[in-house]
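Residues in the sequence shown are numbered from 7 upward in steps of one, following the numbering used here. Just so it is clear, CB atoms sit at the ideal spot from N, CA and C, and this is done for glycine as well. Read through the structure below, which is laid out as structure tokens, and then see the notes.
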Amino acid sequence: MIPRLVLGIETSCDDTAVALVRDGREALGSVIAAQTVHSEFGGVVPELASRAHLDLLGPTLDRALAEARVRLEDVDALAVTRGPGLLGSLVVGVAYAKALALAAGKPLVGVNHVEAHLWASVLDGIDPPLPFVGVALSGGHTEFVLVRGFGDYALRGATRDDAAGEAFDKVGKLLGLGFPGGPAVDRLAARGEARAFDLPRAMADSGDYDVSFSGLKTAVRRLVGERTPPFDEAWLADLCAAFQAAVVDTLCNKILRLAADAGARAVVVGGGVACNRGLRAALAAGCERLGIPAVFPAARWCTDNAAMIALVGAWTLARGPADGAALEPVASLEETGFAAPRG
Ligand code: KG4
Ligand code: ZN
């Protein structure tokens with residue numbers, strides 16, 4: 007049976023998040039304390055992230071309980087991100103969740119962060135038809151997963167180098183747009199002309215579902231190296247548009263091919279890059295050609311949040327025992343044992 011009220015905790019990267027989810031699908035309260043310490047470094051500093059999680063977890067828990075108008079005693083179970091992510095950050099979240107579960111006398115379950123991204127649309131009341139292609143696109147992830155049911159996954163494709171969000175962030179940094187770069191590139195791209203630059207689409211005909219972004223980033227670096235800042239607004243907009251179009255083409259090519267080959271009945275996208283307007287438009291059009299829906303969760307469920315963790319925690323507890331004190335964080339997706347071997 008799905009536990010009635012689950013408290014979720016997420017600390018896999020640089021967001022400290024706590025949420026409460028009812029009946030495994032309705033978020034009652036969801037608080038995300040974004041860490042501000044990283045912006046001056048142009049990227050997430052792992053050591054600073056774990057320290058900030060330590061400071062922020064208590065107040066974030068209090069805010070989430072207040073927002074949901076519940077007390078810790080009312081909660082039936084706890085769920086926490088087990089991995090993948092930054093190990094130091096995961097350790098803080100898992101230790102905190104263990105202590106809280108022990109003190110409150112509640113069961114605790116570990117949740118896979120990528121799996122949680124794949125099911126976030128349920129928080130919007132959307133149950134994607136099975137099988138679907140689940141796509142996780144964030145600063146640390148670019149995975150294409152064939153989802154045949156809850157707990158039944160096959161990893162079909164991934165990036166060979168940079169994650170999609172990482173590519174946006176690196177290009178944003180090269181262009182002096184701050185961190186994270188994705189939203190700024192997206193905004194500028196809307197005003198630019200993508201055909202102004204001819205940028206590479208790596209691995210387009212590789213015959214698998216993998217992608218690569220390092221060559222694209224190098225091509226942008228070369229173009230930036232030919233100029234001295236401050237960059238001309240129109241040039242910046244054109245370069246952002248061309249870069250974004252190359253990323254979007256690369257992703258859509260493989261995602262849509264996989265959806266067609268696997269007979270998927272929907273494509274569901276999660277992770278921060280799912281907010282990208284160019285990607286949304288292109289994937290929606292591509293899915294329409296295939297006659298299947300492209301599902302994008304609301305922005306607050308696309309980026310890292312604890313409601314998706316509580317949701318998957320609730321479903322996991324409905325199927326098996328809690329992990330409790332045996333729960334250990336793991337940094338890589340492989341270690342989580344999440345997906346069947348590729349192929
Ligand atoms: O899922 P998320 O909040 O955190 C993790 O990395 O797990 O995703 C953050 C990533 C960053 O790389 C950010 O630049 C990217 O998502 N991002 C975007 C957009 N909004 C966020 N990338 C492209 N276009 C956007 N609109
Ligand atoms: Zn994420």
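The beta carbon of HIS44 sits no closer than 7 Å to any heavy atom of the ligand ZN. Inter-residue distance for ALA312 and ASP158 is about 22 Å (C-alpha atoms, whole angstroms). In the DSSP assignment, VAL76 falls outside any alpha helix (DSSP H) and carries neither an H nor an E. Collapsing the DSSP output to three states places GLY198 in coil. In this structure, the C-beta of PRO65 stays at least 7 Å away from each heavy atom of the ligand KG4. Look at the beta carbons and you see the region 151-167 not touching the region 7-26: under three pairs across the two are nearer than 8 Å.
Under DSSP, THR22 shares a beta bridge with ALA39.
In this structure ASP133 is exposed. Its beta-carbon is surrounded by fewer than 16 other beta-carbon atoms within 10 angstroms. Short note on ASP310: C-beta closer than 7 Å to some heavy atom of the ligand ZN. The three-state secondary structure of GLU16, taken from DSSP, is strand.
Relative to the ligand ZN, GLY277 has its C-beta within less than 7 Å of a heavy atom. Shown here, ASP158 sits in a strand according to DSSP, grouped into three states. With a cutoff of 7 Å, GLY187 counts as near the ligand KG4, since its C-beta is closer than that to a heavy atom of the ligand. Setting aside the 5 residues that flank it on each side, LEU96 is surrounded in the same chain by THR17, SER18, THR87, ARG88, GLY89, PRO335, VAL336 and ALA337, each with a C-beta closer than 8 Å to its C-beta; the list follows chain order.
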